[in-house]
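Visitor:
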Amino acid sequence: MLRAVLEKPFKLKLLESGIPVAKKKEVLLKVLVAGICGSDVHAYRGTQPFLNYPRVLGHEIVGEIAEVGEGIEELRRGDLVTVDPVFSCGKCYACRVGRGNCCRDVKVMGVHIDGGFSEYIAVPADIVYKAPGNI
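Structure representation (structure tokens):
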């Protein structure tokens, strides 16, 4: 599969890599659409203060489930989904009051961990949201 890897500011490369596998409680998404956000532009220009290079950008994605990992009942192969790109601990004060975006250990796809500017991405099933049937 291809991934768009930002190696350093102003240096984006398309690289080949293996397709990830959905682990327990994960789903593998075939990325259909990935939006380019202002955060991605800042990363490209080298003005995103929290990003380490190299990084696969992209946190605004829509995909089709290609594989469902063990322990997932509510999602099926072929489902059209989007993701919440914020990974939080669920235990700190901010998380306990519903502010996971302010988590002390927050990780954001495309910033702290690789994002969706790739053909496939494996993500935890609990950050996946199924699109309504009429979309």
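Quick note: the sequence shown uses full-length UniProt numbering, first residue 1, plus one each step.
All C-beta atoms in this analysis are idealised placements derived from N, C-alpha and C, irrespective of residue type, glycine included.
1) Under 8 Å, with one C-beta from each stretch per pair, do the region 27-42 and the region 58-70 reach the 3-pair mark?
2) Mapping DSSP to helix, strand and coil, what is I65?
3) So what does K13 bridge to, in DSSP terms?
4) Rounded to a whole number of angstroms, what is the C-alpha to C-alpha distance between G100 and Y120?
5) Applying the criterion that 16 or more other CB atoms from any shown protein chain within 10 Å of the CB defines a buried residue, is A131 buried or exposed?
6) How big is the Cα-Cα spacing for D114 and V86?
7) I'd like the list of long-range same chain contacts for A22, defined as Cβ closer than 7 Å, with 5 residues on each side in sequence excluded.
8) Opposite I121 in the DSSP bridges: which residues?
9) Taking one C-beta from the region 44-52 and one from the region 82-96 each time, how about it: are there three or more such pairs within less than 8 Å?
Guide: In short:
1) The region 27-42 makes contact with the region 58-70: 3 or more CB pairs, one atom from each, lie closer than 8 Å.
2) On the sequence shown, residue 65 is found 65 positions in, with the first residue counted as 1. In the structure shown, I65 falls within a strand segment according to DSSP collapsed to helix, strand and coil.
3) Here the question's residue 13 lines up with position 13 in the sequence shown. According to DSSP, K13 bridges with V5.
4) Locating residue 100 in the sequence shown gives position 100, counting from the first residue. Locating residue 120 in the sequence shown gives position 120, counting from the first residue. Distance between the alpha carbons of G100 and Y120 is about 25 Å.
5) Translated into the one-based positions of the sequence shown, residue 131 becomes position 131. Result: exposed.
6) Taking the first residue of the sequence shown as 1, we reach residue 114 at position 114. Taking the first residue of the sequence shown as 1, we reach residue 86 at position 86. One alpha carbon belongs to D114, the other to V86, and they sit about 12 Å apart.
7) To locate residue 22, count along the sequence shown from 1; it is residue 22. Within the same chain, A22 has close Cβ partners L28, E67, V68, G69 and A122.
8) Here residue 121 is taken as the residue at index 121 of the sequence shown, counted from 1. Secondary-structure assignment with DSSP links I121 through a beta bridge to L29.
9) With the cut-off at 8 Å, the region 44-52 and the region 82-96 do not touch.
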